[in-house]
Amino acid sequence: MDSPSQPPSNHPVVAEEARREPILTLPWPLTAYVVLLALIHLRVLLPPELENWTIDVFGFIPKRYDSSLVNLQFEGGAGAKVWTFVTYSLLHANLTHLAFNVLWLLPFGSALARRFGALRFFVFLAVTAAAGALAHLVTHEHAVVPMIGASASVSGAMAAAIRFAFVRGSFLSFSRSDADTAARVPALPLVQALRDRRIVGFLGVWFALNIIFGVGAIGVDSESAGVAWEAHIGGFFAGLLLFALFDPVPRVRSDDAADASSQDISNGI
């Protein structure tokens with residue numbers, strides 16, 4: 001009598017599923033940053049006078065830097081001229097404003113935090129925030145409405161991440177590796193990146209969505225609120241151009257980068 005056949009083992013399937021990771025996993029530096037933003041947003045529970053004082057002290061006000069206003073004092077004194085270049089990015093007008101910035105940051109910030117590590121990641125967010133504030137200052141030197149929001153840092157993180165996001169094995173490629181490996185593939189040289197049609201297409205979509213939805217740093221005053229486009233642009237270009245200063249992953253030759261990029265495209269066809 002033939003012995004009953006054994007059911008096929010499920011172990012290979014389980015092993016394969018174990019190797020597959022979700023597209024988005026949050027490293028602790030990004031989680032800590034998001035939690036920090038959420039905790040700071042609890043300021044909305046403060047009495048109105050104290051909440052307004054918080055925005056005046058930590059929001060970015062271009063008029064604060066007008067040297068001709070010798071008799072006009074702003075909350076925070078001289079120190080606020082320094083720290084508000086970064087602290088404005090930790091404040092948000094409402095939950096919708098906070099949620100939009102966090103949702104935009106999650107996929108790109110996750111890869112960037114894994115690649116940079118905690119210290120580089122936090123410094124990078126601060127530098128891109130400062131670049132956004134500087135761009136806003138140059139173009140709105142007489143503005144008295146505080147600017148708040150993390151959009152300059154978000155834009156910088158997105159710009160930095162696309163330097164390696166589409167490389168074969170990275171997190172937006174057709175042949176994605178595990179999260180840690182995907183975050184540490186060699187980045188494309190800047191010139192090569194700007195020749196990649198996927199990156200150019202991504203940039204076009206990004207700018208279009210910003211125009212349509214107005215996501216980003218906004219004025220606090222609801223009557224004069226508007227998207228701080230210059231802050232977006234300042235943070236974006238800072239992230240794109242300064243990426244190499246923060247990136248710990250060794251560079252690759254342009255021809256090798258081109259091969260990795262083109263092979264990923266062919267794998268997806």
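Oh and the sequence shown: position 74 is 74 in full-length UniProt numbering, straight run, nothing missing.
A virtual CB, placed ideally from N, CA and C, is assigned to each residue, including glycine.
On a predicted model such as this, the values are computed, not experimentally measured, just so you know.
Euclidean distance between Cα positions of residue i and residue j
i	j	result
residue 285	SER110	No answer is possible for residue 285: it lies beyond the span of the chain, which begins at 1 and ends at 269.
ASP153	TRP229	First, the residue type needs correcting, since residue 153 is Ser and not Asp in the sequence shown. Looking at the two C-alpha atoms, the distance is approximately 13 Å.
GLU141	GLY169	44 Å
VAL249	TRP83	30 Å
LEU203	THR31	26 Å
PHE58	PHE237	24 Å
VAL200	ASN94	32 Å
PHE108	VAL138	28 Å
PRO62	ALA231	12 Å
ALA225	ILE55	Because the pLDDT of ALA225 is 49, which lies under 50, any placement of that residue in the model is unreliable, and the number read from its coordinates should be weighed accordingly. Cα to Cα, the separation comes out at about 14 Å.
ALA118	VAL127	14 Å
VAL191	LEU241	11 Å
VAL205	ASP196	14 Å
ILE67	GLY77	As written in the sequence, residue 67 is Ser, which differs from the Ile given in the question. Straight-line Cα distance between these residues: approximately 13 Å.
VAL145	PHE60	8 Å
GLN73	ASN52	16 Å
ALA150	LEU50	21 Å
VAL246	HIS41	The residue asked about is misnamed: residue 246 is Phe in this sequence, not Val. Taking the straight line from one Cα to the other gives about 29 Å.
ARG251	LEU194	16 Å
ASN267	LYS81	For ASN267, the pLDDT reaches just 43, beneath the cut-off of 50, and the residue's location in the model is therefore unreliable, leaving the point undetermined.
VAL102	LEU26	12 Å
HIS97	ARG64	24 Å
LEU39	HIS92	11 Å
GLU75	PRO48	16 Å
ALA130	ASP178	33 Å
PHE171	LEU37	25 Å
GLY79	ARG198	43 Å
ALA143	ILE233	18 Å
GLY239	LEU45	33 Å
GLY219	ARG43	Low confidence applies here, because GLY219 scores a pLDDT of 46, under 50, leaving its location unreliable and the question unanswered by this model.
Beta-ladder partner(s) of residue i, from DSSP
i	result
PHE60	MET147
Any non-hydrogen atom of the ligand GDP within 8 Å of residue i CB
i	result
PHE122	Among the ligands in the structure shown, none appear at all, so the ligand GDP cannot be discussed.
Residue j beta carbon less than 9 Å from that of residue i
i	j	result
VAL86	ALA133	yes
VAL34	LEU90	no
GLY156	PHE124	yes
ALA187	PHE243	yes
ALA135	GLY235	yes
Distance between beta carbons of residue j and residue i, contact taken as under 8 Å
i	j	result
PHE121	PRO29	5 Å
TYR88	MET147	6 Å
Using 8 Å as the cut-off, can you tell me whether the segment 162 to 172 makes contact with the segment 180 to 199, which would need three or more C-beta pairs spanning the two stretches below that distance? yes
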